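Student: There's a structure below that I have some questions on.
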DNA sequence: AGGCACGGCTAATGCCATTAGCTTTTAAGC
DNA sequence: GCTTAAAAGCTAATGGCATTAGCCGTGCCT
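Residue numbers (the numbering used here), protein chains in the order written: chain A, 1 to 191; chain B, 1 to 191.
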């Protein structure tokens, strides 16, 4: 029963850091254990001392990204409510994507339990932002889903450069925010 | 100047067929040239006689999927206009995703010129569906982008099983349609 | 009859993830 | 200070996959 403490050196967190920087610099396709190890100044198999495999590394990265995003959005929404909160939420989300497009693309992977949990935190923040609207719980869930769909869809398409025409993306996003806010305000047929 | 006609056997289209069936059956992660070749009853390198490489196969698959989707949507929108057209468009899109979730996920890849072109056809269909609303061209572009963002976002999230709570997805999608339609009808601050 | 292009095959290369097993370092506890 | 065990690193080996090179049979066109 020795104390299981040991050398400092690398750590799972440090590996995730390196991997995130790699993705930021060279895109999601460049994410390879060999490349991460090289950046970390270590042989490839050494990474397995900190991370079970590539899939787990991806999952850890996703959790980190989602937490990061949740923190920013939490701050942005704080103190605002209703329309203002929605606007702040959506704006902050997009700022993140513009800032780290590759990172955001790296996110769009398989859904494992641990990342789902991080996502749930984000959903809670959104639910809180919607509390100002007069909504049933059920209705709020649907609203959050639509919010996610709109933001995520826009984010993915932008990160993929899927919007080709010259019109300004900022203007498009204003319209999207308008749709969400208006849709939330306008009564909707029962279910 | 020989006639470049030859044996029947495989063809690029046939390879794409096989690949699409593979993805439908086993998911996008199972898409490997080895697996496609095996299903086609051929050795792996033989595929290179029809397809430049895996990336090109993916691109061809994307074009096929987008065209498929465009055809369905074109039919669904035909004869309808304004709100009804939007509803039909969005409903048809989602039906496709529900029918072939893996195929849709396989789509979300890099944007090459050829797939972008297929996407442009789809955008044209959407623009036509919006013609009934009284809109500037510029405004219509923004509207189509929002439409894409909303549908695609929802589709991606659903295909990834990112909606965990028990509430019905159909109801959520109704709300999303409502948001889009209402947002298009409600005037929006100038740009 | 003959040639040639097409489409298929085998062999070979190189990258990558992952595993096994060995060595080194570190930090406790004495 | 010395021991020691676990953590953390390394090299070597395996197997899957994409991709390339080069060979062979087949059938159409002349």
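Cβ coordinates follow ideal geometry from the N, Cα and C atoms, glycine included. Note that the coordinates shown come from a computational prediction; the quantities given were computed from them, not determined experimentally.
I want to verify the contact list: residues of chain B whose CB lies under 7 Å from the CB of residue 141 of chain A, in sequence order.
Tutor: 165, 167
Student: Check the Cβ-Cβ distances between residue 180 of chain A and every residue of chain B, and say whether any is below 9 Å.
Tutor: yes
Student: What runs of the beta strand (DSSP E), each 3 residues or longer, lie entirely inside the region 65–119 of chain A?
Tutor: none
Student: Put residue 42 of chain B into one of helix, strand or coil per three-state DSSP.
Tutor: coil
Student: Say whether chain A places a C-beta atom closer than 9 Å to the C-beta of residue 24 of chain B.
Tutor: no
Student: So residue 154 of chain B is in the alpha helix (DSSP H); what residue range does that whole segment cover?
Tutor: 137–159
Student: Out of A:143, A:111, A:54, A:98, which has the shortest C-alpha to C-alpha gap to residue 24 of chain A?
Tutor: A:98
Student: Against chain A, with Cβ distances strictly below 9 Å, would residue 77 of chain B count as a contact?
Tutor: no
Student: Take residue 10 of chain B and list the residues in its own chain whose beta-carbon comes closer than 6 Å to its own, dropping the five residues that flank it on each side.
Tutor: 50
Student: Can the beta-carbon of residue 58 of chain B be found closer than 9 Å to that of residue 106 of chain B?
Tutor: Yes, Cβ-Cβ distance for residue 58 of chain B and residue 106 of chain B is below 9 Å.
Student: Answer with yes or no whether the minimum CB distance from residue 183 of chain B to chain A is below 9 Å.
Tutor: By this cut-off, residue 183 of chain B is an interface position.
Student: What number of angstroms, rounded off, separates the C-alpha of residue 35 of chain B from the C-alpha of residue 42 of chain B?
Tutor: If you draw a straight line from the Cα of residue 35 of chain B to the Cα of residue 42 of chain B, it is about 10 Å long.
Student: With a threshold of 7 Å on Cβ separation, who are the neighbours of residue 83 of chain A within its own chain once the five nearest residues in sequence on each side are excluded?
Tutor: 181
Student: Determine whether the Cβ of residue 156 of chain A lies closer than 9 Å to any Cβ atom of chain B.
Tutor: Chain B, which has a Cβ nearer than 9 Å to the Cβ of residue 156 of chain A, makes this yes.
Student: Which same chain residues, not among the five before or five after residue 18 of chain B, have their C-beta less than 8 Å away from its C-beta?
Tutor: 36, 39, 40
Student: Can you tell me whether residue 27 of chain B is helix, strand or coil according to DSSP?
Tutor: coil
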